[in-house]
Amino acid sequence: MKLSLPNLFSLSRIVLSPVIMFFLLSGNSFLIQITFFVFIAAALTDYFDGWYARKYLEVTSTGKFLDPLADKVLTSSAFISFAFIKIVPFWMVIIVIARDVWTTLIRIYVPRDKHKIKTSVYAKGKTFFQMTFIAYILILLSFINTSCMEHSTKEMLSNMIYSDLSYWLMFLITAMSIVTGMEYFFQRKKKKS
Numbered sequence: 198m199k200l201s202l203p204n205l206f207s208l209s210r211i212v213l214s215p216v217i218m219f220f221l222l223s224g225n226s227f228l229i230q231i232t233f234f235v236f237i238a239a240a241l242t243d244y245f246d247g248w249y250a251r252k253y254l255e256v257t258s259t260g261k262f263l264d265p266l267a268d269k270v271l272t273s274s275a276f277i278s279f280a281f282i283k284i285v286p287f288w289m290v291i292i293v294i295a296r297d298v299w300t301t302l303i304r305i306y307v308p309r310d311k312h313k314i315k316t317s318v319y320a321k322g323k324t325f326f327q328m329t330f331i332a333y334i335l336i337l338l339s340f341i342n343t344s345c346m347e348h349s350t351k352e353m354l355s356n357m358i359y360s361d362l363s364y365w366l367m368f369l370i371t372a373m374s375i376v377t378g379m380e381y382f383f384q385r386k387k388k389k390s
């Protein structure tokens with residue numbers, strides 16, 4: 198593996214993923230507060246790795262595989278944490294992760310046939326929506342764990358997190374995961390025929 202700067206950016210997201218999970222599940226107010234900033238730093242590397250690789254002509258097959266994999270690890274870590282603290286249902290998280298494992302296996306298998314499976318616009322949109330949803334939950338959790346916040350405000354923010362809105366946003370992410378997973382399947386089937 199060529200450890201170019203874009204690949205290091207992608208690897209940093211993978212490294213930060215268990216850190217984010219540990220912070221969220223720690224029960225420590227300070228760690229939960231800074232989780233939002235750690236996540237934003239990790240999410241920004243998703244932009245910079247692609248930008249840098251294109252600008253300085255460092256686009257590699259390793260990078261094309263590693264970049265979406267890092268996104269999947271990052272979002273999955275956050276969703277698993279959310280499920281443990283009962284913000285989203287486990288069954289939705291299982292579907293999202295199953296789709297990610299499925300598409301990753303396709304990406305591993307496809308090069309043997311010398312066919313390239315490209316990330317679709319819809320899949321990129323799904324990733325952006327996932328990142329936005331995670332950031333939304335994390336910033337609310339950050340405010341809730343701030344000591345100077347009034348109790349009534351904390352209660353209001355908590356109600357925003359544990360709400361139908363969070364459920365339906367996660368449901369939408371789950372639906373998008375199923376649709377884009379099917380898209381990969383049919384793209385793969387079309388290339389084989």
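Mapping to the working numbering: the sequence shown position 53 is 250, numbers consecutive. For glycine and all other residues, C-beta sits at the position ideal for the given N, C-alpha and C.
Take Gly378 as the anchor and find which of Asp243, Ser223, Thr324 has the nearest alpha-carbon.
As a first step, residue 378 is located in the sequence shown; it is residue number 181 there, counting from the start. Per the Cα distances, Thr324.
Buried or exposed: where does Ser258 fall if 16 or more other Cβ atoms within 10 Å of its Cβ makes it buried?
What you label residue 258 is simply residue 61 of the sequence shown in a count that begins at 1. Exposed, by the Cβ-count rule.
Can you tell me whether DSSP reads Glu347 as helix, strand or coil?
The residue given as residue 347 occupies position 150 in the sequence shown. Glu347: coil per DSSP, three-state reduction.
Nearest to Tyr364 by alpha carbon, out of Val216, Met346, Ile331?
Position 167 of the sequence shown holds residue 364. When only C-alpha atoms are compared, the closest one is Ile331.
Got a sec, what are the start and stop residues for the alpha helix (DSSP H) Val212 sits in?
Looking up residue 212 in the sequence shown gives position 15. Where Val212 is concerned, the enclosing alpha helix (DSSP H) stretches over 202-222.
Considering only their Cβ atoms, is the gap separating Ser223 from Ser344 smaller than 9 Å?
By 1-based counting over the sequence shown, the position of residue 344 is 147. By 1-based counting over the sequence shown, the position of residue 223 is 26. Their beta carbons are not under 9 Å apart, which means Ser344 does not touch Ser223 by this criterion.
Does the segment 202-209 come close enough to the segment 263-271 that 3 or more CB-CB pairs lie under 8 Å?
Yes, the segment 263-271 touches the segment 202-209.
For the alpha helix (DSSP H) containing Leu263, list its first residue and its last residue.
Walking along the sequence shown from the start, residue 263 turns up at place 66. Segment 258-281, the alpha helix (DSSP H) holding Leu263.
Using a Cβ-Cβ cut-off of 7 Å (strictly less than) and excluding sequence neighbours within five positions of Leu335, which residues of its own chain qualify?
For this step, residue 335 is matched to residue 138 along the sequence shown. For Leu335, where only same-chain residues beyond five positions count, the Cβ hits under 7 Å are Thr232, Phe233, Phe236.
Closest to Tyr319 by C-alpha separation, out of Asn342, Ser278, Thr301, Ser374, would be which residue?
Mapped onto the sequence shown, residue 319 falls at position 122. With distances taken between Cα atoms, Tyr319 lies closest to Ser374.
Suppose the cutoff is 6 Å on Cβ atoms and the five residues either side in sequence are ignored; what does the same chain contact list for Tyr359 look like?
Here residue 359 corresponds to residue number 162 of the sequence shown, with the count starting at 1. There are no such residues.
Locate the alpha helix (DSSP H) running through Ser339, then write down its first and last residues.
What you label residue 339 is simply residue 142 of the sequence shown in a count that begins at 1. Start and end: 318-341.
Near Thr371, which residues of its chain fall below 7 Å by C-beta distance, leaving aside the five closest residues on each side in sequence?
What you label residue 371 is simply residue 174 of the sequence shown in a count that begins at 1. Contacts found: Met289, Ile292, Val293.
Within the continuous alpha helix (DSSP H) that includes Ser360, where are the two ends?
Position 163 of the sequence shown holds residue 360. Element bounds for Ser360: n/a, residue is neither H nor E.
What are the complete alpha helix (DSSP H) segments, minimum 4 residues, inside the segment 285-310?
The qualifying runs are 287-306.
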